[in-house]
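Going by the numbering used here, the sequence shown opens with residue 2, and the numbers climb by one from there. All C-beta atoms, glycine included, are put in the ideal place defined by N, C-alpha and C. Remember, predicted model here, so these are calculated numbers, not experimental data. Accompanying notes for the structure given below.
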Amino acid sequence: LQILLPCHNKLVEPSLSTKQTLNGALVKKLFNKKSIHVRPDKVLLTEEKELSIPDGDSQHTNSSDSQEASDGIN
Numbered sequence: 002l003q004i005l006l007p008c009h010n011k012l013v014e015p016s017l018s019t020k021q022t023l024n025g026a027l028v029k030k031l032f033n034k035k036s037i038h039v040r041p042d043k044v045l046l047t048e049e050k051e052l053s054i055p056d057g058d059s060q061h062t063n064s065s066d067s068q069e070a071s072d073g074i075n
């Protein structure tokens, strides 16, 4: 994971000296009242894998949701 901090309109990695490690105290000091942005080092899900997910799964959950709703009406 990459831990980034906002700098103007960009996200940058905090610059640490060779002796420093990013521990809890340093995170608190660097990100006092700022947002912490976390980004993965590598791609977790490619667009091809995302497109290959079958739509049947989502239709199944939608039909069961509508079935539960109609059961509550009766």
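Between the region 36–45 and the region 3–10, do at least 3 Cβ pairs fall closer than 8 Å?
Judged by Cβ distances under 8 Å, the region 36–45 makes contact with the region 3–10, as three or more pairs qualify.
In the DSSP output, what is Q21 paired with across the bridge?
DSSP lists no partner for Q21.
With 16 as the cutoff for other CB atoms within 10 Å, does L12 come out buried or exposed?
L12 should be labelled exposed.
Cβ atoms of S36 and P7: under 8 Å apart, would you say?
Yes, these two residues count as a Cβ contact at 8 Å.
Can you give the Cα-Cα distance for L46 and S53, rounded to whole angstroms?
Cα-Cα distance, rounded: 11 Å.
Looking at the structure shown, is K43 part of a helix, part of a strand, or coil, going by DSSP?
K43: coil per DSSP, three-state reduction.
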